[in-house]
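Quick mapping for you: the protein sequence lines, in order, are chains B and A. The letter at position 200 of the first sequence is residue 200 when you use the working numbering, and the numbering goes up by one with no holes. The letter at position 370 of the second sequence is residue 370 when you use the working numbering, and the numbering goes up by one with no holes.
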Amino acid sequence: MDLIWDGLRKALELLVGLDPEVLGITLLSLKVSGLATLISVVLGMSAAVAVALNEFPGKRLVIALMNTGMGLPPVVVGLFVTVLLWRNGPLGFLGILYTPAAIILAQAVIATPIIAGLGLAALQHLPPELRLQILSLGATRPQLVWLLLREARLPLLAAVMAGFGGVISEVGASIMVGGNLKGSTRVLTTATVMETSRGNFEVAFALSFLLLILAFSVNALLTHLQQSRRPR
Amino acid sequence: MRAPLLEVLELVVHRDRTPVLDIPSLRVGQGEVLALIGPNGAGKSTLLLTLAALLKPAAGTLAYHGEALDTEARRQAYRRRVTMVFQDPLLFDTTVRENIAAGLRLHGVGAEEREQRVAATAAQFGIGGLLDRSARHLSGGEAQRTALARAFALRPELLLLDEPFSALDPPTRGGLLEDLGRILADTGTSALLATHDQAEASRLANRLAVMKGGRILQEGALQQVMNHPEDPFVAVFVGMETLLQCRVATTTEGLLTLALGGHEIIAVGEAEVGDPILVGIRPEHVTLSLHTDKTSSARNQLAGTVTKVIPWGPFHRVELDCGFDLSTWVTPQSLTELALAPGRPVVAAFKATAVHVVRKGHHGGDAAQT
C-alpha cells in the first residue's frame with residue numbers, strides 16, 4: 001500500500017509543482033491522442049455514413065472488415081507505420097518517423113476503425129424508415145446526414161470516447177514509431193513503461209494517475225456533451 | 001382542363017429486381033382523400049413511397065400539377081410540397097415543439113413564423129399543452145399526433161399516410177380519425193391513406209382504391225366501390241360477405257329474378273335471361289324475423305335456419321342456411337327476442353336493391369368466399 005500512497009503523493013507534488021517535464025509529457029499525450037481522435041472522427045464518421053446510407057455490392061464484406069479493424073493490435077499498427085515511414089519506405093520522404101506526427105498517424109490508424117465500426121452500428125441501429133421520414137420532410141442530403149448523426153449522438157459520442165480511450169492508453173505503436181524520445185515523443189504511456197522498467201515506481205504511479213485523470217477529464221467533457229440538450 | 005394534383009402513368013416498381021407494383025394509371029385531385037385498401041403485401045406502402053419520390057420506379061411517370069418529376073431537382077422540390085407520415089411516428093429525440101418545428105427548419109422557415117406555425121398546428125391537433133414534453137415520454141396517440149402536426153406544419157399540398165393509426169387502441173384511433181378528418185377538410189389538403197381497415201377508409205376518404213398483389217383492382221368514389229365491387233376479392237374486402245353465383249331466370253322492368261339451386265332471389269339490374277351472374281349481399285342489409293312479412297318492402301324473404309351465432313364486438317354475427325350461406329349482424333336485443341341459436345328457423349329479408357351485381361359471367365373462384 002505504501003507504494004500506492006507514495007505514488008499518489010508524488011503525483012500531487014508533480015502536479016501542484018507544475019513539474020515542467022511531466023507537464024510537457026501530459027500535454028503532448030493530450031495533443032497527440034486528441035489530434036489522432038479528431039482525424040479518426042472525420043475519417044471514421046465519413047466511412048460510417050457512406051456505408052450506412054448506400055447500398056453497394058460487397059457491403060457486408062466492408063462492414064466485416066471495419067469490425068475486424070476495431071481490434072487492430074497497436075504493435076501491428078506500429079510495425080506497419082514504422083516500415084511505411086522508414087527512411088527507404090514509401091513515405092520515408094516525409095521524414096516524420098520518431099516525431100509526434102508519426103504517433104498521431106499510428107494512433108489515427110488505430111482509432112479510425114473503432115469510430116467507423118461503432119459509428120456504423122449506431123447509425124444502423126436507427127429505425128430504417130427514419131431516413132425516409134427525414135427525406136419526406138424535405139431534407140437535402142447534407143441535412144439528412146446531419147439529422148441522422150444528431151439522432152444517433154449518444155452512441156456516436158460513445159464511439160468517439162472508445163476511439164480516444166483506445167489511443168490515449170495505447171503504448172505499443174507510440175513507442176515503436178515515436179521512440180520515447182525525451183522532450184520530443186515521450187507520452188504518458190511510454191514514460192510509464194520506462195519508469196516502471198527502471199524501478200521508479202513512484203514516478204510510474206504518478207504518471208499513471210495523470211493518465212487516468214486525463215482520460216477521465218476528456219471523457220467527462222464528452223459525456224457532458226452527450227447528455228446535454230436532452231429534454232427530460 | 002386543369003391537370004390533377006398528382007398523376008401516375010404506366011408505373012412499374014421493382015424490389016430486388018422483382019416487379020412489386022404495376023399501376024397503369026392513378027390520379028389524385030385537389031382536395032381529394034383517396035384510401036388505398038388491401039391486405040398486407042398488396043403494395044400499398046410501396047405505392048406511397050413511390051408517390052413520395054422516396055423510391056425510384058423502374059418505369060412510368062409521376063406528374064405533379066401536370067409537370068413530370070423527371071429530374072432529381074424536381075423530385076427534391078416536390079418532396080418539399082408532399083409529406084409522408086408512417087405507422088411508426090419516427091419522432092426525433094427532443095421536445096414535441098422541436099419535433100413539430102423540424103420540417104420547418106429543413107425548409108429554412110424563419111424563427112418567428114416557425115414559432116407561430118408550431119403553436120397553431122399543435123393547437124389543431126390538441127397537443128398545445130405538450131410542447132415542452134420530451135417526445136420519448138408520449139403515449140402512442142400523442143406521438144402520432146405530434147408526427148401528424150410535424151407534417152401539417154409544412155402545409156403540404158398532399159399528405160401520404162401509411163397506416164398511421166394501426167398501432168393505436170380503438171378510442172385513441174377514433175379521436176384522431178375525427179380530428180384528422182376535420183383538419184383535412186378545413187385545410188383542403190389532399191391525402192392518400194393506406195390502410196387495411198375499410199371502416200378507417202370510409203371515415204376519411206371520398207375515393208377508394210382496392211389493391212392486391214401490386215395492382216389496383218378497382219378504384220372509384222367511396223360508395224361506388226363499397227356497394228358495387230366489380231371483383232369477388234374487392235367485394236369481400238369491402239365487407240360484402242355473401243357472394244352468390246346465380247343464373248338469370250327472368251327479367252322484367254329492371255328487375256332480375258335469379259335462380260340459385262332451387263331458390264329465387266330478386267335483384268335490380270340489367271342482364272340477359274340465361275346469363276350466369278355473381279351477386280353480393282352485405283350482412284348489414286339482411287334483417288331477420290320469425291315470420292314472412294307481407295307488408296315489408298323487402299322483396300326477398302327467404303326461410304332458413306341459423307347455423308352459427310358468433311359474438312362480434314357489440315353485435316353478433318349470425319350465419320344462416322337458406323339453401324345457400326347467408327350472414328348478417330344482429331344486436332344482442334334481437335338475439336334474445338328472436339331466441340337465435342343454431343337450428344332455429346327464421347326468415348331472412350333483404351331488398352332487391354341490396355343485391356349487388358358484382359360480375360356477369362362465371363368468376364374464377366379466387367378468394368370469393370370467406
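By construction, the Cβ of each residue, glycine as well, lies at the ideal position given by its N, Cα and C atoms.
Simplified DSSP assignment, three categories, for residue i
i, result
"A:W312", "strand"
"A:L204", "helix"
"A:G274", "coil"
"A:L223", "One point to set straight first is that residue 223 of chain A is Gln, not Leu, in the sequence displayed. Residue state, collapsed to three classes: helix."
"A:Q369", "In this prediction, A:Q369 has a pLDDT of 40, which is less than 50 and means its spatial position is unreliable; what the coordinates show is noted afterwards. A:Q369: coil per DSSP, three-state reduction."
"A:G254", "coil"
"A:Q245", "strand"
"A:D321", "strand"
"A:E67", "strand"
"B:W5", "helix"
"A:N300", "strand"
"A:G364", "In this prediction, A:G364 scores a pLDDT of 49, lower than 50, which makes its location untrustworthy; no coordinate-derived value is stated."
"A:V210", "strand"
"B:V109", "helix"
"A:V48", "Just to set this straight, residue 48 of chain A is Leu in the shown sequence, not Val. Helix."
"A:S134", "strand"
"A:L91", "coil"
"B:G233", "This structure does not reach residue 233 of chain B, given that chain B is present from 1 up to 232, and the question cannot be answered."
"B:I115", "helix"
Terminal residues of the alpha helix (DSSP H) in which residue i lies
i, result
"A:R451", "In the structure as shown, chain A begins at 1 and stops at 370. Residue 451 of chain A is therefore absent and cannot be evaluated."
"B:I39", "20-53"
"A:M240", "Taken as a continuous stretch (DSSP letters only), A:M240 belongs to no alpha helix (DSSP H), as it is neither H nor E."
"B:L149", "141-151"
"B:G183", "Taken as a continuous stretch (DSSP letters only), B:G183 belongs to no alpha helix (DSSP H), as it is neither H nor E."
"B:G69", "59-69"
"A:L36", "From DSSP, A:L36 is part of no alpha helix (DSSP H) but of the beta strand (DSSP E) over 33-37."
"A:E178", "170-187"
"A:E98", "96-106"
"B:P74", "74-85"
"B:G172", "172-178"
"B:V203", "201-227"
"A:G141", "140-152"
Residue j beta carbon less than 8 angstroms from that of residue i
i, j, result
"A:V268", "A:L288", "no"
"A:I100", "A:T172", "no"
"B:L235", "B:L211", "Limits of chain B in this structure are 1 at one end and 232 at the other, which puts residue 235 of chain B out of reach."
"B:I110", "B:G44", "no"
"A:T305", "A:L326", "no"
"A:G126", "A:D179", "yes"
"B:M70", "B:G117", "yes"
"B:G17", "B:F201", "no"
"B:W86", "B:G95", "no"
"A:A53", "A:R79", "yes"
"B:G166", "B:G78", "no"
"A:L176", "A:F165", "yes"
"A:L11", "A:T50", "yes"
Residue range of the beta strand (DSSP E) that includes residue i
i, result
"A:E264", "263-268"
"A:E10", "6-15"
"A:F350", "345-350"
"B:Y98", "No beta strand (DSSP E) holds B:Y98; DSSP gives it neither H nor E."
"A:M84", "82-85"
"A:R27", "18-28"
"A:S289", "287-289"
"B:L130", "B:L130 -> not in any beta strand (DSSP E); alpha helix (DSSP H) instead, spanning 128-136."
Identity of the residues DSSP links to residue i by a beta bridge
i, result
"A:Q116", "Partner(s): none; A:Q116 has no beta bridge."
"A:D162", "A:A194"
"A:V330", "A:H316"
"A:Q76", "Bridge partners of A:Q76: none, in fact."
"A:L260", "A:H263"
"A:R215", "A:K212"
is_contact[residue i, chain E] using C-beta, thresh 8 angstroms
i, result
"B:E55", "Protein chains B and A are contained in the structure displayed, whereas chain E is not."
The ligand NAD heavy atom lying under 7 angstroms from the CB of residue i
i, result
"B:S184", "You won't find the ligand NAD in this model; it holds no ligand whatsoever."
With contact counted as at least three CB pairs below 8 angstroms, one residue from each stretch, are the segment 64-75 of chain A and the segment 215-226 of chain A in contact?
no
With three or more beta-carbon pairs closer than 8 angstroms as the criterion, would you say the segment 244-255 of chain A touches the segment 209-219 of chain A?
no
Meets three-Cβ-pair contact criterion under 8 angstroms: the segment 81-88 of chain A and the segment 145-160 of chain A:
yes
Would you check if the segment 143-152 of chain B and the segment 169-181 of chain B touch, i.e. whether three or more CB-CB distances between them fall below 8 angstroms?
no
If we count Cβ pairs, one from each stretch, closer than 8 angstroms, do we get three or more for the segment 95-111 of chain A versus the segment 42-54 of chain A?
no
On the three-pair Cβ rule with 8 angstroms, is the segment 117-130 of chain B touching the segment 28-35 of chain B?
no
Would you say the segment 53-63 of chain B touches the segment 13-30 of chain A, given that touching needs at least three Cβ pairs under 8 angstroms?
no
Specify whether the segment 342-361 of chain A and the segment 230-246 of chain A touch according to this definition: at least 3 beta carbon pairs, one from each stretch, less than 8 angstroms apart.
yes
Are the segment 26-40 of chain A and the segment 213-229 of chain B in contact at 8 angstroms, needing three or more beta carbon pairs?
no
Stretch-stretch touch, CB-based, cutoff 8 angstroms, three pairs: the segment 272-282 of chain A with the segment 340-356 of chain A:
yes
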